[in-house]
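In our numbering, the protein residues as written are 3 to 259.
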Amino acid sequence: MMNAETTMTDPTGANVDPEEIRRFAEQAAAWWDPNGAFRPLHKIGPARITFIRDRLVQHFGRHGGGMRPLKGLSVLDVGCGGGLICEPLRRLGADVTGIDPGVETVAAARAHAAQQGLEIEYCATTIEDLAEAGDTFDAVLALEVLEHVPDADSFVATCARRVRPGGALIVSTINRTAKSYALAIVAAEYILRWLPRGTHDWDKFLTLDQVRAALEAAGLEEPVFDGIAFDALRDTWELSSDTDVNYIAIASKPNQA
């Protein structure tokens, strides 16, 4: 678990880092450039979507849904960025809501969805503000967000409260290992220059045990983890048993008695 005495939140009460919001907002126009600043998210996207689709189909018993196996499921993408996950989920049939604290980022997501003819509800807000409205969803996603918030435990707990009983929370982040420092920071930011320098802070990376503890403390059950590993020969990211760097997890919310 994170040490609460060392965490900070925005003065408004939202669990966000204003500097992170500013940095992503400055790059809002680049979200849908597959070779731009967000190239790594474009490359890792298919593996993440595969995990989300297959795990939600299994969790909700949605087998046999054809091209739209998530039809009718409500999904909230927290920290949705430019909508790189929201759009494929909508194409899979889900009713998708994407939230992000960056106004410019949400504008970019909304504009691209409109160009694609996709109905996605976007809102420039935080999960804390959404929690006050009381809305709940079949599934809540927080992908590559945990390593950017001041208090990961509090963030996971707030996300979990937006999951309906019987629903699921899916998170993905970066492990805190020597291997992740070498690959996610040194290689990705300084050698290969996949990401701008300073995108990640290794001290904010979370081990599997930390994330498992946060999920369980939030009242969720049966967390299942998969790694997402880079295949240099094929220049692709694949689901893997290797969780040393990137990983993704799903945890269930118990049904009410």
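Virtual Cβ for every residue (Gly too), placed ideally from N, Cα, C.
Please read all numbers here as calculations on a predicted model, not as lab measurements.
So, under 8 angstroms CB-CB, residue i and residue j are touching, yes? Tell me the CB distance rounded to an integer number of Å.
i	j	result
A141	I172	7 angstroms
L217	P225	5 angstroms
A27	T107	6 angstroms
R87	I51	The amino acid at residue 87 is misidentified as Arg; the sequence shows Ile. With 8 angstroms as the limit, I87 and I51 qualify as a contact, their Cβ atoms being about 7 angstroms apart.
N17	S156	5 angstroms
Identify every residue that forms a DSSP beta bridge with residue i.
i	result
C125	I101
I176	N248
W239	F232
A141	V77, A170
F227	A251
V59	According to DSSP, which records beta bridges pairwise, V59 is partnered with nothing at all.
V165	F139
Using a threshold of 8 angstroms, state whether the C-beta atoms of residue i and residue j are closer than that.
i	j	result
V147	G81	yes
T99	E123	yes
V2	A135	Lying outside 3 to 259, the shown extent of the chain, residue 2 is not represented and no answer is given.
A133	A220	no
A144	L222	no
A154	A253	no
Q258	P167	yes
I54	P103	no
Could you tell me the alpha carbon to alpha carbon distance between residue i and residue j, rounded to whole angstroms?
i	j	result
R214	I250	11 angstroms
D12	S76	With a pLDDT of 46 at D12, under the threshold of 50, the modelled position of that residue is not reliable, and no figure is offered here.
L241	K45	12 angstroms
N37	K206	26 angstroms
T209	H150	14 angstroms
T245	D237	18 angstroms
T138	P42	30 angstroms
G68	D56	12 angstroms
R93	Q118	10 angstroms
H65	E21	42 angstroms
D131	R164	11 angstroms
D79	W239	21 angstroms
T9	D97	For T9, the predicted structure reports a pLDDT of 31, less than 50, and the residue's modelled location is therefore unreliable. The matter cannot be settled from this model.
E89	P48	12 angstroms
V247	G83	21 angstroms
I193	S182	With a pLDDT of 49 at I193, under the threshold of 50, the modelled position of that residue is not reliable, and the figure given next carries that caveat. Whole-angstrom Cα-Cα distance: 14 angstroms.
K255	D19	28 angstroms
A184	A116	39 angstroms
G260	D233	Residue 260 cannot be examined here, being either before or after the span of the chain that is shown, 3 to 259.
D203	D211	19 angstroms
contact_flag[the segment 216-236, the segment 162-178] where n(CB pairs < 8 angstroms) is 3 or more
yes
Quick check: the segment 64-81 against the segment 32-51, are there 3 or more CB pairs under 8 angstroms?
no
Does the segment 55-65 come into contact with the segment 104-118, if we say contact requires no fewer than three beta-carbon pairs (one atom in each stretch) closer than 8 angstroms?
By the Cβ criterion, the segment 55-65 is not in contact with the segment 104-118, since fewer than three pairs of Cβ atoms, one from each stretch, lie closer than 8 angstroms.
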